[in-house]
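I have placed the structure first, in the form of structure tokens, so that the comments after it can refer back to it.
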Amino acid sequence: AQSVTQLDSQVPVFEEAPVELRCNYSSSVSVYLFWYVQYPNQGLQLLLKYLSGSTLVESINGFEAEFNKSQTSFHLRKPSVHISDTAEYFCAVKNTGFQKLVFGTGTRLLVSP
Amino acid sequence: EAGVAQSPRYKIIEKRQSVAFWCNPISGHATLYWYQQILGQGPKLLIQFQNNGVVDDSQLPKDRFSAERLKGVDSTLKIQPAKLEDSAVYLCASSIAGSYNEQFFGPGTRLTVL
């Protein structure tokens, strides 16, 4: 069975600073990888996903994540964060069959002025 | 396009009472999911429907939880009787059929069991 580890429960950062949210996964088979964002009192929204092809994937609001198979990682990065990026970010993994989506415990990104 | 609808948004009950949550997925989405998100944890899948059939309910506590999707559209999740540890946000999501298609989430129902 697959699993996801997000070691950082909370990441405080100043506005316009770069940020990296770490995600490591464990699986014995090929996987799909996802980052979801959850704003306060809202449901989860898909931020970006890796299915195949280029290992670097980007979102429309400046986030990117790189699939590293040898390190079993899918870290999320943004070169310059905004106050509006304050939210909880969840990494999730799914094997390429029909197994369920497994989420990490989440990382709360706190952006301050 | 309307998103996934859930009701109620908040519910407070006492232990041993029963409660039901409702979900209406995005039109045309054949797959529907119910997740439990306990404070400080990621969402955990409780049950997955494909149309009105159950695909995966391996993590559903069947002694107290039940779910149905009778006409392959909206769904109801019930807890009877509730326990303190059932306090959580219950998320409904839907997707078109396919193993990697994006799941769209509703706003969730926050349940507090006293």
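As given, the protein sequences belong to chains A and X, one line each in that order. Quick note on my numbering: the first sequence kicks off at 27 and runs consecutively. Quick note on my numbering: the second sequence kicks off at 245 and runs consecutively. Backbone N, C-alpha and C fix where the C-beta goes; we use that ideal spot for every residue, glycine too.
- Around the Cβ of A/Pro105, a 10 Å sphere holds fewer than 16 other Cβ atoms; the residue is exposed.
- Between A/Gln64 and A/Ala27, the CB-CB gap reaches or exceeds 8 Å.
- No residue range can be given for X/Asp318, since it is assigned to no beta strand (DSSP E) and is classified by DSSP as neither H nor E.
- The DSSP-derived three-state label of X/Glu312 is strand.
- For A/Phe129, at least one C-beta of chain X is nearer than 8 Å to its own C-beta.
- Scanning chain A for C-beta atoms nearer than 7 Å to the C-beta of X/Gly286 yields Phe116, Phe129, Gly130, Thr131 and Gly132, reported in chain order.
- Residue X/Gln261 holds the alpha-carbon nearest to the alpha-carbon of X/Pro325 among X/Gln261, X/Tyr277 and X/Ala311.
- Counting along the chain, A/Asn121 sits inside the beta strand (DSSP E) bounded by residues Ala113 to Asn121.
- Per DSSP, the continuous beta strand (DSSP E) segment holding A/Val63 begins and ends at Val57 to Gln64.
- With a 10 Å radius around the Cβ and a threshold of 16 neighbouring Cβ atoms, A/Lys126 comes out buried.
- X/Leu289 counts as buried, since at least 16 other C-beta atoms from the protein chains shown sit within 10 angstroms of its C-beta.
- Against X/Glu346, the close residues of chain A are Leu72, in the order they occur along the chain (beta-carbon pairs closer than 7 Å).
- By the Cβ-count criterion, A/Phe100 is buried, with 16 or more other Cβ atoms from all chains shown falling within 10 Å of its own Cβ.
- Separation of X/Tyr279 and X/Asp307 (C-alpha to C-alpha, rounded to the nearest whole angstrom) is 17 Å.
- Of the candidates A/Ser35, A/Gly69, A/Ser29 and A/Leu74, the residue whose Cα lies closest to the Cα of A/Val55 is A/Ser29.
- Of the other Cβ atoms in all chains shown, fewer than 16 fall within 10 Å of the Cβ of A/Lys95; this residue is therefore exposed.
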